[in-house]
Amino acid sequence: MVLVYEAENLIDGQLALDELRAGGLQAVMKGQYLSGAMGELPAAGLITVWIAEPLHEQRALDLIAGYERDKRYEQLPAPCTSCGEMIEGNFGRCWNCSAWVDREQQPVRE
Ligand SMILES: [Zn+2]
Numbered sequence: 423m424v425l426v427y428e429a430e431n432l433i434d435g436q437l438a439l440d441e442l443r444a445g446g447l448q449a450v451m452k453g454q455y456l457s458g459a460m461g462e463l464p465a466a467g468l469i470t471v472w473i474a475e476p477l478h479e480q481r482a483l484d485l486i487a488g489y490e491r492d493k494r495y496e497q498l499p500a501p502c503t504s505c506g507e508m509i510e511g512n513f514g515r516c517w518n519c520s521a522w523v524d525r526e527q528q529p530v531r532e
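Take the sequence shown: its letters are residues 423 to 532, numbered as in the numbering used here.
In structure tokens:
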């Protein structure tokens, strides 16, 4: 088992877990039962996401990186850097040319 993500809260952990599973990795979340007493408060470091296969660690970290990027830039449309099409915030790739959308260049809407 390899630790690949420390979630901010239960929902964050579940989404990261879903991302890994969608990528074909065997993953589990730990610590979700410890966070109940803390209610809505963030439980950083308590909820963790692990993968079963150490050989998949880099793949898992790539998926997590993509997940975190999508999370930060959620809902923010950005022009494709390759063809200029506007890509909705919930897409990580251009629908037109399949280029990855580089949202790091875009301002974060608070
Ligand atoms: Zn494009």
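Using N, Cα and C, we set each Cβ at its ideal position, and we do this for glycine too.
Proximity winner among the options, relative to residue i (alpha-carbon distances)
i: Tyr455; options: Ser520, Gly446, Asp492, Ile433; result: Ile433
i: Ala500; options: Ala487, Gly514, Lys493; result: Gly514
i: Leu447; options: Met423, Glu510, Glu490, Asn431; result: Met423
i: Ala444; options: Asn431, Asp484, Ala429; result: Asp484
i: Gly453; options: Leu442, Gln436, Trp517; result: Gln436
i: Glu490; options: Ala438, Leu425, Asn431; result: Ala438
i: Glu430; options: Pro476, Leu477, Lys493; result: Lys493
i: Leu425; options: Gly488, Glu441, Pro476; result: Pro476
Counterpart residues of residue i in DSSP-defined beta bridges
i: Glu428; result: Thr470
i: Trp522; result: Arg515
i: Ile421; result: The chain is shown from 423 up to 532; residue 421 falls before or after that span and cannot be answered.
i: Met423; result: None, per the DSSP bridge assignment.
i: Ala449; result: Ile473
8 Å contact criterion, which residue i and residue j should meet: CB distance rounded
i: Glu479; j: Ile473; result: 7 Å
i: Ala482; j: Cys502; result: Between Cys502 and Ala482 the Cβ distance is about 27 Å, and since that is not below 8 Å, they are no contact.
Would you call the stretch 468-475 in contact with the stretch 500-510, where contact means no fewer than 3 C-beta pairs closer than 8 Å?
Contact between the stretch 468-475 and the stretch 500-510 is absent, because fewer than three Cβ pairs lie under 8 Å.
Contact shell at 6 Å, judged by CB to any heavy atom of ligand 1, ordered along the chain:
Of all residues, those with a beta-carbon under 6 Å from at least one heavy atom of ligand 1 are Cys502, Ser504, Cys505, Glu507, Cys516, Asn518, Cys519, Ala521, reported in chain order.
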